[in-house]
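In the numbering used here, the protein residues as written are 1211 to 1320. Ideal Cβ placement from N, Cα and C applies to all residues, glycine included. Each remark here refers to the structure printed beneath this line.
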Amino acid sequence: MTTSHSVRKSAASHHDTTSDDVIKTWLIYDDNGYLPIHKAAFQGHEATIKNILDDAQQRNELEEQLEARTERTEFTPLLLAVAVGRLEIIASLLKYPVNLNAVDTNGNGN
């Protein structure tokens, strides 16, 4: 599942040339069906998540990033952090207006 502004594209085929291109990379699914915010949540990269969300907030696209779903399991960044036990990421995401009622494709929620 992709949002209206997100596309699936191999990271290897994308070249950043402007700051707008860099921003667009935050809206591109990788081969595993993850956006960069999902990858950062999965890997525990708190600073990356903060950068993505702060930028999204400036562009009035915060909700889009917080509600972004992985392609196969439909995890939000918070659901993914919960699933892999990234407590520091969970705490960081809870500083933002996340949807605490989100569920994945199996009906599992936060």
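Residue i, enclosing alpha helix (DSSP H) - first and last residue
{"i": "ALA1293", "result": "1287–1293"}
{"i": "ASN1309", "result": "Premise fails: ASN1309 is in no alpha helix (DSSP H) and is neither H nor E."}
{"i": "ASP1240", "result": "Looking at the DSSP string, ASP1240 is not in any alpha helix (DSSP H), and its letter there is neither H nor E."}
{"i": "ASN1316", "result": "That residue, ASN1316, is in no alpha helix (DSSP H); it is neither H nor E in DSSP."}
{"i": "ALA1251", "result": "1246–1253"}
{"i": "ALA1278", "result": "No alpha helix (DSSP H) contains ALA1278, which DSSP labels as neither H nor E."}
Beta-carbon separation (whole angstroms), residue i vs residue j, contact threshold 8 Å
{"i": "GLY1254", "j": "ILE1299", "result": "6 Å"}
{"i": "ARG1279", "j": "THR1286", "result": "6 Å"}
{"i": "LYS1249", "j": "ASP1240", "result": "7 Å"}
Beta-carbon proximity of residue i to residue j, cut-off 8 Å
{"i": "GLN1275", "j": "ILE1247", "result": "yes"}
{"i": "VAL1292", "j": "ASN1320", "result": "yes"}
{"i": "ALA1312", "j": "LEU1288", "result": "yes"}
{"i": "PHE1252", "j": "LEU1310", "result": "no"}
{"i": "GLY1243", "j": "GLU1281", "result": "yes"}
Selection from the options that minimises the alpha carbon distance to residue i
{"i": "LEU1303", "options": "ASN1318, GLN1267 and GLU1256", "result": "GLU1256"}
{"i": "LYS1305", "options": "ASP1264, THR1315 and GLY1317", "result": "ASP1264"}
{"i": "ASN1316", "options": "THR1283, LEU1272 and ASN1309", "result": "THR1283"}
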